[in-house]
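In our numbering, the protein residues as written are 1 to 94.
Note that the Cβ used here is the ideal one computed from N, Cα and C, for glycine as well.
Written below as structure tokens is the structure these notes are about.
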Amino acid sequence: MLAIARALLGNPRLLLLDEPSDGLAPAIVAQVGEVIREVAAQGMTVVLVEQNLGMALSVAEHVAVMQKGSIVHRATCAEFAARPDDRRRLLGVD
């Protein structure tokens, strides 16, 4: 949370987040998700790299899956959430 707050002090147009939920308790992950949603709702572009798929899908509008530096799949979050076969094939999760 502190790192996100510090990043926002400079009024950036783009916020890059790499694993913001890593190592956090579930309640704190939910708070971080709320902050990300609020920042995005205020018009800031947020690029989120996250292994916590539930959290990522709860805050994002679009999904891009990368393998070896190349984007191999793009979808809206709703499309990606509705396609368990794609999630399993691309990420190994249901």
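- Rounded to the nearest angstrom, the gap between the Cα atoms of V35 and E61 is 15 Å.
- In this structure, DSSP gives M66 an extended state, which the three-state scheme calls strand.
- A25 carries a coil assignment under DSSP once its states are collapsed to helix, strand and coil.
- DSSP places V93 outside any alpha helix (DSSP H), giving it a letter other than H or E.
- A Cβ-Cβ distance of about 19 Å is found for the pair M44 and S21, leaving them out of contact under the 8 Å criterion.
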